[in-house]
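Be aware that the sequence shown starts at 1, since it is given in the UniProt record's numbering, and climbs by one per residue. Even for Gly, the Cβ is constructed at its ideal location relative to N, Cα and C. What you are looking at is a predicted structure, and each value in this text was computed from that prediction instead of being measured. Here is the structure we will look at, set down as structure tokens.
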Amino acid sequence: MKYFSSYKLFNIVIAFAMTMFFSCKNNFKEVQQIGVLQNEPIGVAEDMNLRYTDSGRLKANLISPKMLDFSNRDFSYNEFPDGVILNIYDERNKKSVIVADYAIVYNDTDLIDLRGNVLITTETKDSIFAQQLFYDQKRDWVFSNKPVKYVSKKEIITGNAFDANRDFNKYGISEVTGIHYLDDDSEQ
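See the structure below:
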């Protein structure tokens, strides 16, 4: 009888263990999120100096005092709450500079959203002023659907949309609201 009792107990323990084993789920992602609030960044970096190269050639250089890493989100991004300086280099290594008060880099789309007092200074010393501008890293294209002002040595053009290639030698201003031609003798 003792043998039958221990055999019954052994089967109950095995059944219980198998139930526990098969009821467990793989919650590795949930375990990773323990202690990380959903609205908090997963990391913070200070004094950023990020260089983007392609085939050994420097294409862009992003500088910022602070970066918040939200790669723990489904649509991951990096936020630059204290502003950025984005240096963009053309094929001849000539530099254009974009400065903004705030920026977000969307990792899945390679799109940089620049906001607040956006200023572009091209290699030819032309300037573009906007409140919001996007830089598409995949297509090397800059665009905005907000009011812009383009200032060159010869003219000032204002409009409600802007797009340009990375070198700023091909650009367009849509819905032009004003053109002011400057004298050849005037200084900017």
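Checklist entry - Taking the DSSP output, what are the residues bridged to Lys95? => result Here residue 95 refers to the residue found at position 95 of the sequence shown. Per DSSP, Tyr89.
Item to check | Closest by C-alpha distance to Phe75, when choosing among Asn87, Gln132, Asn39 | outcome: Numbered from 1 along the sequence shown, position 75 holds the residue referred to as residue 75. Ranking Asn87, Gln132, Asn39 by CA distance to the CA of Phe75 puts Asn39 first.
Checklist entry - What is the residue span of the beta strand (DSSP E) that Thr121 lies within? => result Residue mapping note: residue 121 aligns to position 121 of the sequence shown, counting from 1. Its beta strand (DSSP E) spans residues 111–121.
Checklist entry - If you check the beta carbons only, do Arg115 and Asp126 fall under 8 Å apart? => result Here residue 115 is taken as the residue at index 115 of the sequence shown, counted from 1. Here residue 126 is taken as the residue at index 126 of the sequence shown, counted from 1. 8 Å or more divides the Cβ of Arg115 from the Cβ of Asp126.
Checklist entry - Roughly how many angstroms separate the alpha carbons of His180 and Phe143, rounded to a whole number? => result Residue 180 sits at position 180 when you count from the first residue of the sequence shown. Residue 143 sits at position 143 when you count from the first residue of the sequence shown. For His180 and Phe143, the distance between alpha carbons rounds to 22 Å.
Item to check | Same chain, Cβ closer than 6 Å to Asp167, five either side skipped, listed in chain order | outcome: Against the sequence shown, residue 167 aligns to sequence position 167. Around Asp167: Asp90.
Checklist entry - When we look at the beta-carbon of Phe80 and count the other beta-carbons within 10 Å, is it buried (16 or more) or exposed? => result Translated into positions along the sequence shown, residue 80 becomes position 80. Phe80 is classed as buried because its beta carbon has at least 16 other beta carbons within 10 Å across all chains shown.
Checklist entry - How close, in whole Å, do the beta carbons of residue 209 and Leu68 come, if the pair is a contact with beta carbons under 8 Å? => result In the structure displayed, the chain extends from 1 to 188; residue 209 sits before or after that span and is not available.
Item to check | Residues bridged to Phe10 (per DSSP) | outcome: Taking the sequence shown and counting its residues from 1, one reaches residue 10 at position 10. Bridge partners of Phe10 according to DSSP: none are assigned.
Next on the checklist: Here's the rule: buried if 16 or more other CB atoms are within 10 angstroms of the residue's CB, otherwise exposed. What is Asn165?
Outcome noted: As a first step, residue 165 is located in the sequence shown; it is residue number 165 there, counting from the start. Exposed is the call here.
Checklist entry - Which partner residues does Ile156 have in the DSSP bridge list? => result On the sequence shown, position 156 is the one that residue 156 refers to. In the DSSP output, where bridge partners are listed per residue, Ile156 has Val151, His180.
Checklist entry - Excluding sequence positions up to five away, which residues of its chain have a Cβ less than 6 Å from the Cβ of residue 189? => result An answer regarding residue 189 cannot be provided, because it is not within the stretch 1 to 188 covered by the chain.
Checklist entry - Cα separation between Gln188 and Lys153? => result Here residue 188 refers to the residue found at position 188 of the sequence shown. Here residue 153 refers to the residue found at position 153 of the sequence shown. Here the model assigns Gln188 a pLDDT of 43, short of 50, so the residue's position is not dependable, and the following value carries that caveat. Cα-Cα distance, rounded: 7 Å.
Checklist entry - Can you tell me the Cα-Cα spacing of Val176 and Lys66, whole angstroms? => result On the sequence shown, position 176 is the one that residue 176 refers to. On the sequence shown, position 66 is the one that residue 66 refers to. Rounded to whole angstroms, Val176 to Lys66 spans 36 Å at the Cα level.
Checklist entry - Is the Cβ-Cβ distance between Leu182 and Glu155 less than 8 Å? => result By one-based count along the sequence shown, residue 182 stands at place 182. By one-based count along the sequence shown, residue 155 stands at place 155. The answer is yes: Cβ separation under 8 Å.
Next on the checklist: Checking the sheet assignment: what are the DSSP bridge partners for Asp69?
Outcome noted: Walking along the sequence shown from the start, residue 69 turns up at place 69. In the DSSP assignment, the residues bridged to Asp69 are Gly43, Asn78.
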